[in-house]
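The structure appears below as structure tokens.
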Amino acid sequence: MAFALLTSVPPVFGLYTSFFPVLIYTLLGTGRHLSTGTFAVLSLMTGSAVERLVPEPLEGNLSGIEREQLDAQRLGMFALQLGILATFLSEPVVKALTSGAALHVLVSQLPSLLGLPLPRQIGCFALFKTLAAVLTALPRSSPAELTISALSLALLVPVKELNELAAAAPSWSAERSQMRGLAYAVLLASVLCFTSSLDTRYNVQIVGLLPGGFPQPLLPSLAELPRILADSLPMALVTFAVSASLASIYADKYSYTIDSNQELLAHGVSNLVSSLFSCFPNSATLATTSLLVDAGGNTQLAGLFSCLVVLSVLLWLGPFFYYLPKAVLACINISSMRQMFFQMQELPQLWRISRVDFAVWMVTWVAVVTLSVDLGLAVGVVFSMMTVVCRTQRVRCLALGLAEGTELYRPLRESHKLLQVPGLCILSYPTPLYFGTRGQFRRILEWHLRLGEGGQLTPKTDSPPDAVAEPVRVVVLDCSGVTFADAAGAREVVQLASRCRDAGIHFLLAQCNASVLGTLTQAGLLDRVTPEQLFVSVQDAAAYALERLELTGPKTCTVWV
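My numbering applies: residue 517 is where the sequence shown begins, and numbers increase by one.
See the structure below:
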């Protein structure tokens, strides 16, 4: 109901949005712990778009505009099959996005928490604008609402902490404790507001009258779709990102898998149907998902039971929420965000494991907090992909040697006794071969083989000082690490084969997967080499090379220790 006000609709619309989409997602979704419904960031985006697009009073046509925007959002996602976006949501991006979005939720609740009727801030730096507005208006905050908020948080936060401390106790019921804390906060605040007439004496904002029953189904007008399409696309991306992020976090935590495209279909169908019943755009929610997990929900049936609770409020219990202060709703949402904020405790461990992932986490979080949720998501995904590309640029081509007493070829940099046969150079290139790495591939092979200088093999920078360079007669390129190759990379291999042939170096390929081999063949590799120069393993290629070098074994070799 609090998020409905952020969307510029009556509070009862929040109940509608917590009923119809949840009911449909329960039947179609794959996230066992996911709770769909109202989401603060999405509500802020929707409300700002509606207020900008509807200049006249909102009473008459707001719900139609909301439903049209929702239709455009979900139908666009389903038509584009954006479920593939989940592939690019790495764990650091997911956790940074949800942590940053939780901060947006926290700041968005401050005006309700303090009783400040502040205008909505939108766009980049909206979080800081809201904070500045709150600090400026702080002297005008309502003492009554501030007291209600303090008492509510004093009740809700300790209950959360006690749940965490006593969760291991067999006799402890986290579900009962959690729900009792929420019920006590709502009941005590409502009774206090009613008995003391806080709404009239101190102007405390309350929920007010909730209409009973269901709204009449209405079809949206498609004439407004062109006006709202530009606003719908970022909302669709943010909605899917948050839903996929939360589903991924809890799926990993509880060891099960989700289907991204099925999730997209479930959210799309649930929103399409609910758009007929005055529901505004919704997604998986941080607050209610955390509440659901804390209460012990483990399957989609939890959504069905929550629908029964909302149904009882719509049909019978609505009048009991008349005097509920909106500050209590803000406190419930804030206290439910603690798990998302606690994700920041993983940063020291992430720094030790991978500083690149740490950088992705920080860049995404700063972008989400500083700019906005949709722009922050875009920055995080792009930066994450850039780190992958940059790491492919920094790989090293490894020279291999024979481990003594085995048939295994290992990198010469390892601290084992490795044998290097004179005239034989075995190189392993451990990264995809595409347009971004073709230049690096060419430089590395030229450095190892000195193709411009008669095929003379130079000592490696990691070789012993007394290592003797030998003329290269056979080169084996181990392609086991080349997961894919594009046209530019394939042409580079073909050119390398031609240059080796011109320099009198016999060129062999080993361990190419079917996809890479097919690309190389289409690029004309078999015009430069014969099928006898392609091998399944490095061992087979090395054995062939030894025969070509007229050796039965490494009778003369350089030993690397």
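Virtual Cβ for every residue (Gly too), placed ideally from N, Cα, C.
- prompt: For residue 733, does the count of other Cβ atoms within 10 angstroms reach 16, so buried, or fall short, so exposed?
  reply: Result: exposed.
message: On the CB-based measure, 16 or more other CB atoms within 10 Å of its CB, does residue 923 come out buried or exposed?
response: That one is exposed.
message: Helix, strand or coil, according to DSSP, for residue 554 in the structure here?
response: Residue 554 sits in coil when the DSSP states are folded into three classes, being neither helix nor strand.
- prompt: Cα-Cα, which of 1017, 840, 752 is closest to residue 711?
  reply: Of the listed residues, the one whose Cα sits closest to residue 711 is 840.
- prompt: Excluding the five sequence neighbours on either side, which residues of its own chain have a C-beta within less than 8 Å of the C-beta of residue 827, listed in chain order?
  reply: Excluding positions up to five away in sequence, the list reads 535.
field: Where residue 1059 sits in the DSSP three-state scheme
entry: Three-state DSSP puts residue 1059 in a helix.
field: Rounded separation between residue 955 and residue 910 - CA only
entry: C-alpha separation (whole angstroms): 12 Å.
Nearest-angstrom beta carbon gap, residue 731 and residue 794 [assumed within contact, 8 Å]: About 4 Å separates the two Cβ atoms, so the contact holds.
message: So residue 766 and residue 809 are supposed to be a Cβ contact under 8 Å. How far apart are they, rounded?
response: So it is a contact: roughly 7 Å between Cβ atoms.
field: 6 Å CB neighbourhood of residue 555 in its chain, flanking five on each side removed
entry: Cβ within range, chain order: 799, 801.
Rounded straight-line distance, which links the Cα of residue 1016 to that of residue 1022: In this structure, the CA atom of residue 1022 is about 7 Å from the CA atom of residue 1016.
- prompt: Got a sec, what are the start and stop residues for the alpha helix (DSSP H) residue 848 sits in?
  reply: Boundaries of the alpha helix (DSSP H) harbouring residue 848: 842 to 851, taken from the DSSP string.
- prompt: Taking just the CA atoms, how far does residue 550 sit from residue 788?
  reply: Note on geometry: alpha-carbon atoms of residue 788 and residue 550 lie some 19 Å from one another.
- request: Name, in chain order, the residues that DSSP records as bridge partners for residue 718.
  value: As DSSP reads the structure, residue 718 sits in no beta bridge.
- prompt: Among residues of its own chain, excluding the 5 on either side of residue 950, which ones have a beta-carbon nearer than 6 Å to its beta-carbon?
  reply: In chain order, 1002, 1005 place their CB closer than 6 Å to the CB of residue 950, counting only its own chain and leaving out the 5 sequence neighbours on each side.
message: Relative to the C-alpha of residue 938, which candidate in 1062, 855, 878 has its C-alpha closest?
response: Of 1062, 855, 878, the residue nearest in Cα terms is 1062.
message: Between 901, 620, 942, which has its C-alpha nearest residue 605's C-alpha?
response: It is 901.
- request: Identify every run of the alpha helix (DSSP H) within the segment 632 to 657, keeping only runs that are complete inside it and at least 4 residues long; order them along the chain.
  value: Qualifying alpha helix (DSSP H) stretches, in chain order: 642 to 653.
message: Helix, strand or coil for residue 966? Go by DSSP, reduced to three states.
response: Three-state result, residue 966: coil.
task: Alpha carbon to alpha carbon, how far is residue 855 from residue 676? Give it in angstroms, no decimals.
output: Distance between the alpha carbons of residue 676 and residue 855: 10 Å.
- prompt: DSSP three-state call for residue 761: helix, strand or coil?
  reply: Three-state result, residue 761: helix.
query: In three-state terms, what does DSSP make of residue 956?
result: DSSP places residue 956 within a helical segment (H, G or I) once states are collapsed to three.
- prompt: Cα separation between residue 1026 and residue 1019?
  reply: Across the structure, residue 1026 and residue 1019 are spaced so that their CA atoms are roughly 20 Å apart.
task: Just mark residue 652 as buried or exposed, buried being the case when its beta carbon has 16 or more other beta carbons within 10 Å.
output: Residue 652 is exposed by the Cβ-count criterion.
query: Near residue 721, what residues of its chain come up, given a Cβ to Cβ distance below 6 Å and the 5 sequence neighbours on each side ignored?
result: The residues are 842.
task: Buried or exposed for residue 769, please, with buried defined as at least 16 other CB atoms from any protein chain shown within 10 angstroms of its CB.
output: For residue 769, the number of other beta carbons within 10 angstroms of its own is below 16, and it is reported as exposed.
query: Are residue 806 and residue 640 close, meaning C-beta to C-beta below 8 Å?
result: Taking 8 Å as the Cβ cut-off, residue 806 and residue 640 do not qualify as a contacting pair.
message: Please identify the residue among 672, 637, 527, 635 whose C-alpha is closest to the C-alpha of residue 850.
response: Selected option, being the one with the closest Cα: 672.
query: Closest by CA to residue 563, which one among 723, 645, 709, 751?
result: Checked all of 723, 645, 709, 751; the closest Cα to residue 563 is 751.
- prompt: Does any residue of chain B bring its CB to less than 8 Å from the CB of residue 852?
  reply: Reference to chain B is not applicable here, since this structure consists of a single protein chain.
task: Drop a sphere of 10 angstroms on the beta-carbon of residue 779, count the other beta-carbons inside from all chains shown, and report buried for 16 or more, exposed for fewer.
output: In the assembly as shown, residue 779 is a buried residue. Its beta-carbon has 16 or more other beta-carbons within 10 Å.
task: Would you please state the rounded distance, in angstroms, between the beta carbons of residue 934 and residue 990? I believe it to be under 8 Å.
output: Not really, about 17 Å apart at Cβ, beyond 8 Å.
message: DSSP three-state label for residue 549, please.
response: Coil, per DSSP.
Among 838, 857, 529, the one whose alpha carbon lies nearest that of residue 713: Answer by Cα proximity: 838.
message: Quick check on the DSSP output: the beta strand (DSSP E) that includes residue 1023 runs from which residue to which?
response: Run containing residue 1023: 1022 to 1026, per the beta strand (DSSP E) assignment.
- request: In angstroms with no decimal places, state the Cα-to-Cα distance between residue 913 and residue 905.
  value: As the crow flies, the alpha-carbon of residue 913 is around 17 Å from that of residue 905.
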